[in-house]
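**Student:** Following this message is one structure expressed as structure tokens.
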Amino acid sequence: MLFGKKKKTNTQSAQPQKPVLNIPVPQKTVDPAELKPVRTFEEDMAEAIAKRDKEAENKRAEEDMGMIKTTPELPEPSTQTPKSTSKASSISDKAEGTEKIDVSTSQETEKNIPKSPVETTNVPKTPPKKEEVPTNKDPRTKIQKQLEDISNQKKIVHEEMKILDVQLHETEGAVERFTKEKKSINLQLAPIKEQEELVESSIVEIEKHEAATSSMEERHSFEKQRWDLEDGRKKLESQKWELSKEVEKIEDSIHKSEATHTEIQIKKNNSIEQLQSLDKQEDRIHLEFELSEISQKKQALELQWIKFSNKQKEEESLLDTTMKEEFSIEKQKKIVEGKEHAAESSQEERGFEEERQDIESKRRGLEEKRWKLEETLSKTKTIVEKLKPEYQDALGEEERLNKTLEVLDTK
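Just so we're aligned: the sequence shown equals residues 1 to 411 in the working numbering.
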């Protein structure tokens with residue numbers, strides 16, 4: 001018996017009891033981690049179902065009002081027609097329009113012209129061939145093309161940086177070479193300046209003696225000495241000027257080389273920033289592609305959850321109906337058994353026994369049906385429960401990728 005041992009009671013006083021259905025009720029256990037403000041599977045499912053129902057309701061309302069034409073809901077992102085093709089199509093449309101006008105005007109002028117039998121025969125026109133527009137529905141191909149473009153740009157930047165590194169090395173070498181030349185000339189200038197200082201001090205002493213003497217001969221002698229010193233001073237100054245000019249030229253070359261070095265370094269820094277930007281674009285493409293994959297996975301899990309949740313409800317409803325039928329047939333069996341015990345003749349008892357056997361056969365069929373339903377329902381529940389952690393994993397991966405994108409944007 002399904003509901004325990006059968007009690008022998010009087011069939012007339014037995015009152016029907018309400019069925020106690022042993023339907024497993026899913027109990028939700030509260031995990032402390034769930035108390036945190038984290039998106040849950042049930043919330044996302046409810047939101048997705050409500051959103052789809054609302055969109056379907058709006059669509060039906062618009063269709064009833066005649067607002068929607070037979071057009072796809074969302075355009076395929078990767079099936080865009082190239083600009084050249086669209087321009088060509090517009091030009092061809094214009095050309096077709098002008099041809100139609102010419103034909104109509106020519107028909108009006110040719111109304112009164114007699115036509116030959118050959119002209120009056122209907123010749124089937126071949127329809128113009130439609131230009132086939134290449135479509136690419138695979139997003140991986142588009143992403144691969146973007147990554148190839150970025151890779152080519154990075155190769156160009158790397159080649160430019162190699163040239164800039166060579167130029168930086170050359171300018172650094174030039175500055176070092178000019179600095180050595182300047183140092184060498186300064187070493188040549190040092191003794192000349194020392195001699196010049198000695199000559200200048202000698203001239204000062206002679207001028208003192210020249211001013212202090214009262215003898216004409218001594219004055220003339222001092223003046224001749226001063227002349228000789230001034231001639232020597234003049235030669236030293238000429239040598240100093242030549243070397244100083246060379247130093248000035250070298251210093252100008254050093255300044256120009258340093259300015260060139262700075263410009264090249266700025267270009268290299270710009271190239272480094274460009275490489276970093278290309279790396280960020282590359283990382284963003286990978287992350288966005290992974291996010292789109294996760295989004296598709298979430299959508300597939302949502303659809304599966306809706307499908308198997310509805311299947312679970314249908315199976316639970318069918319199981320409930322089957323168990324009610326089983327309960328009803330058990331009541332019938334009890335009634336027949338009561339009549340069987342109260343039968344007054346063997347013929348009457350045999351009739352009730354046959355009826356009980358038929359009821360038992362039906363009961364067995366219902367029990368076998370219940371077994372299958374319980375087994376199927378158990379499998380369905382297992383699938384539904386398995387979808388929850390998979391969806392939570394997808395949510396966690398999506399959150400991780402979004403955080404990585406946020407960090408990438410702050411760089």
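Ideal placement from N, C-alpha and C gives every residue a C-beta, glycine not left out.
Please list, in chain order, all residues of the same chain as residue 322 whose beta carbon is under 7 Å from its beta carbon, the five residues on each side excluded.
**Tutor:** One-based indexing of the sequence shown puts residue 322 at position 322. The answer, listed in chain order, is 366, 369, 370 and 373.
**Student:** Look at residue 286 and residue 172 and say whether their C-beta atoms are less than 9 Å apart.
**Tutor:** As a position in the sequence shown, residue 286 is number 286, starting the count at 1. As a position in the sequence shown, residue 172 is number 172, starting the count at 1. Taking 9 Å as the Cβ cut-off, residue 286 and residue 172 do not qualify as a contacting pair.
**Student:** Do you know how far the Cα of residue 181 is from the Cα of residue 250?
**Tutor:** Residue 250 sits at position 250 when you count from the first residue of the sequence shown. Residue 181 sits at position 181 when you count from the first residue of the sequence shown. Distance between the alpha carbons of residue 250 and residue 181 is about 8 Å.
**Student:** Cα separation between residue 391 and residue 147?
**Tutor:** Working through the sequence shown from its first residue, we reach residue 391 at position 391. Working through the sequence shown from its first residue, we reach residue 147 at position 147. Rounded to the nearest angstrom, the two C-alpha atoms are 30 Å apart.
**Student:** Output needed for residue 465: all residues of its chain with C-beta closer than 7 Å, excluding positions within five of it in sequence on either side, in chain order.
**Tutor:** Outside the modelled stretch of the chain, which goes from 1 to 411, sits residue 465, for which no answer is possible.
**Student:** For residue 241, does the count of other Cβ atoms within 10 angstroms reach 16, so buried, or fall short, so exposed?
**Tutor:** As a first step, residue 241 is located in the sequence shown; it is residue number 241 there, counting from the start. That one is exposed.
**Student:** My understanding is that residue 353 touches residue 340, with C-beta atoms under 8 Å, so please give their C-beta distance in whole angstroms.
**Tutor:** The residue labelled residue 353 in the question sits at position 353 within the sequence shown. The residue labelled residue 340 in the question sits at position 340 within the sequence shown. Contact flag correct, Cβ pair sits at about 6 Å.
**Student:** Should residue 359 and residue 324 be called a contact, given that it needs their Cβ atoms to be closer than 9 Å?
**Tutor:** The count along the sequence shown starts at 1 and reaches residue 359 at position 359. The count along the sequence shown starts at 1 and reaches residue 324 at position 324. The answer is no: Cβ separation not under 9 Å.
**Student:** Could you check how far apart the C-beta atoms of residue 246 and residue 185 are, in whole angstroms? I think they sit under 8 Å.
**Tutor:** Along the sequence shown, one-based indexing puts residue 246 at 246. Along the sequence shown, one-based indexing puts residue 185 at 185. Indeed, because the Cβ distance is near 5 Å, the residues count as touching under 8 Å.
**Student:** Quick one: Cα of residue 293 to Cα of residue 138, how far?
**Tutor:** Position 293 of the sequence shown, counting from 1, holds the residue named residue 293. Position 138 of the sequence shown, counting from 1, holds the residue named residue 138. Residue 293 and residue 138: Cα-Cα distance of roughly 13 Å.
**Student:** Of all the options 177, 199, 59 and 394, which has the alpha carbon lying nearest to the alpha carbon of residue 237?
**Tutor:** For the purposes of this step, residue 237 is taken as residue 237 along the sequence shown, with counting starting at 1. Answer by Cα proximity: 199.
**Student:** State the DSSP-derived secondary structure class of residue 283, mapped to helix, strand or coil.
**Tutor:** Counting from one through the sequence shown, the residue named residue 283 turns up at place 283. In this structure, residue 283 counts as helix in the three-state DSSP scheme.
**Student:** Which term fits residue 156, buried or exposed, when burial requires 16 or more other beta carbons within 10 angstroms of its beta carbon?
**Tutor:** Locating residue 156 in the sequence shown gives position 156, counting from the first residue. That one is exposed.
**Student:** Could you pull the start and end residues of the alpha helix (DSSP H) that residue 141 belongs to?
**Tutor:** Walking along the sequence shown from the start, residue 141 turns up at place 141. Counting along the chain, the alpha helix (DSSP H) containing residue 141 begins and ends at 139-212.
**Student:** Please list, in chain order, all residues of the same chain as residue 49 whose beta carbon is under 7 Å from its beta carbon, the five residues on each side excluded.
**Tutor:** Here residue 49 is taken as the residue at index 49 of the sequence shown, counted from 1. Within the same chain, residue 49 has close Cβ partners 306.
**Student:** Which class does residue 215 belong to by DSSP, given the choice of helix, strand or coil?
**Tutor:** For this step, residue 215 is matched to residue 215 along the sequence shown. Coil.
**Student:** Looking at residue 298: is its Cβ nearer than 9 Å to the Cβ of residue 406?
**Tutor:** For this step, residue 298 is matched to residue 298 along the sequence shown. For this step, residue 406 is matched to residue 406 along the sequence shown. Contact: no.
**Student:** Whole angstroms is fine: what's the gap from residue 152's alpha carbon to residue 266's?
**Tutor:** Position 152 of the sequence shown, counted from the start, is the residue given in the question as residue 152. Position 266 of the sequence shown, counted from the start, is the residue given in the question as residue 266. Distance between the alpha carbons of residue 152 and residue 266: 22 Å.
**Student:** DSSP three-state label for residue 345, please.
**Tutor:** Your numbering for residue 345 matches position 345 in the sequence shown. DSSP places residue 345 in coil when its eight states are reduced to three.
**Student:** Is DSSP giving residue 411 helix, strand or coil here?
**Tutor:** Reading the sequence shown from its first residue, position 411 is the one you call residue 411. In this structure, residue 411 counts as coil in the three-state DSSP scheme.
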